[in-house]
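Residue numbers (our numbering): 22 to 85.
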């Protein structure tokens with residue numbers, strides 16, 4: 022397997038693991054009535070992801 026294909030496979034595996042863990046966290050916090058805590062955590066995750074997206078957009082603009 023070439024390095025690029027391996028990297029894509031690893032990224033896909035990591036994405037699946039992250040989604041599974043996040044799903045378990047969401048289910049656990051909802052089932053235990055911790056809606057406010059879940060909301061706060063998801064807002065933090067959103068901010069983190071928004072920062073990553075901004076970095077990608079900035080890098081894309083710089084390389085053009």
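Yeah, the Cβ is synthetic: ideal placement off N, Cα and C, and Gly gets one too.
Just so you know, these numbers come straight off a predicted model, no measurement behind them.
Margin query: Whole angstroms are fine: how far does the CA of residue 55 sit from the CA of residue 75?
Written below: 30 Å
Margin query: I need the DSSP call for residue 23, collapsed to helix, strand or coil.
Written below: coil
Next item on the list: Go ahead and pull the three-state DSSP assignment for residue 49.
Entry: helix
Check: How long is the line joining the alpha carbons of residue 52 and residue 82, rounded to whole angstroms?
Finding: 43 Å
Item checked: Contact check, residue 58 vs residue 50, beta carbons under 7 Å -> yes
Next item on the list: Output the boundary residues of the alpha helix (DSSP H) element that contains residue 57.
Entry: 56 to 83
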